[in-house]
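Chemist: Okay, handing you the structure first.
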Amino acid sequence: MKLLLRADACANWVDAQKRTALLLCAENGRVHSVKQLLHHKAHVKHSDANGDSALTKAAVQGHSRVVGVLLIHGADVNHVNRKGMSALMLACDNGDHVTALLLLSSRASVNQRNRHGWTPLMLACSKGHSKIVKALLKHKVDVNIPGNDGTTPLMIACIHGHVSVLKSLLQNKADVRVQNRIGWSALMYASRYGGLGFVEPLLQHGADAAAVNTSGSTAVMIALLNCKTDLVEPLLKLKRGANINQENDNGDTALSVAIRHGLIDAVDLLLKYQACTGPNRTNGTAPLMVAASGTNGRIVDILLSNGAVVNQQDFQGFTPLMFSSRAGHTGSVIKMIERGADVNQVNKKNHTALMMASQNGHTLTVKTLLANGAERGKNRALLFATSSNHPQVINALCKFGVDINFCDQDGHSALSLASCKGHVEAIKILIHNGSDVNKVNHFCFTTEVAELADMVVTHPHSSVGVDSTLVSITALHIAVYFEQAKAVEVLIQCGADVN
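If you want it as structure tokens, here you go:
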């Protein structure tokens, strides 16, 4: 290079990416070559197509000696590339303490922001570069400058789990109460990503445990969502602790979150702090309903022992018993029946717990409900079980005196539903238990029924009756129309009249 420069080679020639020899030498840490180029008047402030100068190239690669030379020769210490990154930001991001100190001693801006609004401090905090953080703090950095989304260095330290950085920031008056654009505070991030080592220092410095984010969640709810039960009591026991009954946008409270995650110790603790067992304001869901939907019978016991209303209904009329029955949690069903649950209660669709258990094929739950007096909706439960093809449930219902030939308001019987869907086993069980294979079903006149009626009426031996409002057909007609060949075969074997 020395010979080329002596021969008047241009020190500022650029390639297609606008890179000069100085940029390339700086990037590769070639100190002697950098000095030679500068001596021959290479442009120290020139930047390439990406906006990088020789200084940012050297800084990102950690070439501190080159950085020092460039600074002596007038490099712009606060120049930023197209990403808005200065040399100091790059050094902080990489954890290059020596280069960072060099730049700071040359009065690099400590509060400069990149295109995301991040400062050198935020970059150092995200990587846990505690030495650089302390150096920046000594140079009067603003510890509370947020990024474009409102996230502060303190929040970043919590997100990335750097407790030593957290403590340094707190010692330098970091704002513990500020919230970002989605309403998250440092305490909330600590509750999600950290542990007691993060939460306790924040609380000691005045963090607001009662603050809510834009989704309506508190720090204690966030801790429970992440199964961090050891954080619950510290967040609750303050004079101005978390609002234990705060509801988020989904209607969940801390108690319902703990229940969903099966956190028995947390449930006990929340009830000790007077958590409400009543329904929420969003949809009327009560904690007992949440527990009833899950598999943890111990939580159901705890709630019932702490005043939960066993026959509470949500806005759709569902009771805890219905939730347990629908899910097939027979143990919880038994516990609630023992506490006085009404087995014949209906929701707004006029459905009972028995109907829900039948529809979902929970045979043991069905038997339990029937054995404990479930009568209301028993015949419709048979239709539900048949439509969903649950032969064992059909058997159980038949043994408890269900009307095997019951038809709903649309004219459907259990046998007609089984024939329509080709549920052969169900057909056999129904006929075995007394279903009339030649029973005429009176269907409300619809387009589909009209097509079925047209097919069977035109049969030369048909005895099907049709008027303006009703169509009278048998299970065999239905099986034929829906091309359920096996169902047709079984029906004929069981005595269906083909004429």
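First residue of the sequence shown: 1, per full-length UniProt numbering; consecutive thereafter. Virtual Cβ for every residue (Gly too), placed ideally from N, Cα, C.
Mind listing, in chain order, the continuous alpha helix (DSSP H) runs of no fewer than 4 residues lying wholly within the stretch 320-404?
Modeler: If we require 4 residues or more, the alpha helix (DSSP H) runs fully inside the stretch 320-404 come out as 320-327, 330-338, 353-359, 363-371, 378-387, 391-399.
Chemist: According to DSSP, which residues form a beta bridge with Gln484?
Modeler: None, per the DSSP bridge assignment.
Chemist: State the DSSP-derived secondary structure class of Asn94, mapped to helix, strand or coil.
Modeler: Helix, per DSSP.
Chemist: Output yes or no for whether 9 Å exceeds the beta carbon distance between Leu235 and Ala219.
Modeler: Yes, Cβ-Cβ distance for Leu235 and Ala219 is below 9 Å.
Chemist: For the alpha helix (DSSP H) containing Val290, list its first residue and its last residue.
Modeler: Here the alpha helix (DSSP H) through Val290 covers 287-293.
Chemist: Could you pull the DSSP bridge partners for Ser47 from this structure?
Modeler: Answer is Ser53, bridged to Ser47.
Chemist: Let's test the definition: count the other Cβ atoms within 10 Å of the Cβ of Val498 and tell me whether it reaches 16, buried, or not, exposed.
Modeler: So Val498 counts as exposed.
Chemist: Since I believe Leu121 is in contact with Pro153 (beta carbons under 8 Å), could you give me their beta-carbon distance rounded to a whole number of angstroms?
Modeler: With 8 Å as the limit, Pro153 and Leu121 qualify as a contact, their Cβ atoms being about 5 Å apart.
Chemist: Quick one: grab the DSSP three-state call for Val212.
Modeler: Coil.
Chemist: Quick check: what's the CA-CA separation for Gln392 versus Gly361?
Modeler: If you take the alpha carbons of Gln392 and Gly361, they lie about 8 Å apart.
Chemist: Looking only at its chain, what residues have a beta carbon closer than 6 Å to the beta carbon of Leu271, apart from the 5 residues adjacent to it on each side?
Modeler: Counting only Cβ-Cβ distances below 6 Å, and skipping sequence neighbours, we find Asn306.
Chemist: So, for Asn148: in the same chain, excluding its five sequence neighbours on each side, which residues have a beta-carbon less than 7 Å away from its beta-carbon?
Modeler: The answer, listed in chain order, is His116, Gly117.
Chemist: Determine, using beta carbons only, whether Leu231 and Val267 come nearer to each other than 9 Å.
Modeler: Their beta carbons are not under 9 Å apart, which means Leu231 does not touch Val267 by this criterion.
Chemist: Within 8 Å, do at least three Cβ pairs link the stretch 237-248 to the stretch 283-293?
Modeler: No: the two stretches stay apart, fewer than three of their Cβ pairs being nearer than 8 Å.
Chemist: Would Thr295 be called buried (16 or more neighbouring beta carbons within 10 Å of its own) or exposed?
Modeler: Counting Cβ neighbours within 10 Å, Thr295 comes out exposed, since fewer than 16 surround it.
Chemist: Tell me the DSSP secondary structure of Ile182 in three-state form.
Modeler: DSSP places Ile182 in coil when its eight states are reduced to three.
Chemist: Specify, as a first and last residue, the run of the alpha helix (DSSP H) that Leu196 falls within.
Modeler: Element bounds for Leu196: 196-204.
Chemist: Taking the alpha carbon of Gln316 as the point to measure from, which residue in Lys348, Gly297, Arg107, Val309 has its own alpha carbon closest?
Modeler: Closest by alpha carbon: Lys348.
Chemist: Does the distance from the CB of Gln345 to the CB of Asn395 come in under 9 Å?
Modeler: No. Outside cutoff.
Chemist: Given a cut-off of 9 Å, decide if Asp252 and Met289 are closer than it, judged by their beta-carbon atoms.
Modeler: No, the pair does not count as a contact, with Cβ atoms beyond the cut-off.
Chemist: I'd like the span of the alpha helix (DSSP H) that includes Asp436, first residue to last.
Modeler: No alpha helix (DSSP H) contains Asp436, which DSSP labels as neither H nor E.
Chemist: Does the Cβ of Thr469 have 16 or more other Cβ atoms within 10 Å, making it buried, or fewer, making it exposed?
Modeler: Bear in mind that the predicted position of Thr469 carries a pLDDT of just 44, short of 50, making it too unreliable to give a figure here.
Chemist: Since Cys276 is in the alpha helix (DSSP H), which residue starts that stretch and which ends it?
Modeler: Run containing Cys276: none; DSSP gives neither H nor E here.
Chemist: Identify the residues that DSSP records as bridge partners of Ile473: which are they?
Modeler: In DSSP, Ile473 forms a bridge with Asn441.
Chemist: Would you report the Cα separation of Leu452 and Val333, rounded to the nearest angstrom?
Modeler: With a pLDDT of only 47 at Leu452, under 50, the local geometry of the prediction cannot be trusted, and no value is derived from it.
Chemist: Arg65 lies in the alpha helix (DSSP H); which residues open and close that run?
Modeler: First-last of the alpha helix (DSSP H) with Arg65: 64-72.
Chemist: His129 and Cys92 - do their beta-carbons sit closer together than 9 Å?
Modeler: Yes, the Cβ-Cβ distance between Cys92 and His129 is below 9 Å.
Chemist: Using only the alpha-carbon positions, how far apart do Leu369 and Leu304 sit?
Modeler: If I take the Cα positions, the gap works out to 19 Å.
Chemist: Mind checking which residues open and close the alpha helix (DSSP H) that includes His32?
Modeler: Note, His32: alpha helix (DSSP H), 31-39.
Chemist: Check the C-beta distance from Ala54 over to Leu23 and give it rounded, since I have them as a contact under 8 Å.
Modeler: Yes, they are in contact, since the Cβ atoms of Ala54 and Leu23 sit about 5 Å apart, within 8 Å.
Chemist: Per DSSP, Cys407 is paired with what?
Modeler: Answer is Ser413.
Chemist: Among residues of its own chain, excluding the 5 on either side of Val80, which ones have a beta-carbon nearer than 6 Å to its beta-carbon?
Modeler: Once the five neighbours on either side are set aside, the close Cβ partners of Val80 are Ser86.
Chemist: Using the DSSP secondary-structure output, state which residues sit across from Ser86 in a beta bridge.
Modeler: DSSP lists Val80 as partners of Ser86.
Chemist: Taking just the CA atoms, how far does Ile132 sit from His139?
Modeler: One C-alpha to the other measures close to 11 Å.
Chemist: DSSP three-state call for Asp109: helix, strand or coil?
Modeler: One detail in the question is off: residue 109 reads as Ser in this sequence, not Asp. The answer is coil: DSSP assigns Ser109 none of H, G, I, E or B.
Chemist: Can you give me the C-alpha to C-alpha distance between Leu70 and Val44, rounded to a whole angstrom?
Modeler: If I take the Cα positions, the gap works out to 7 Å.
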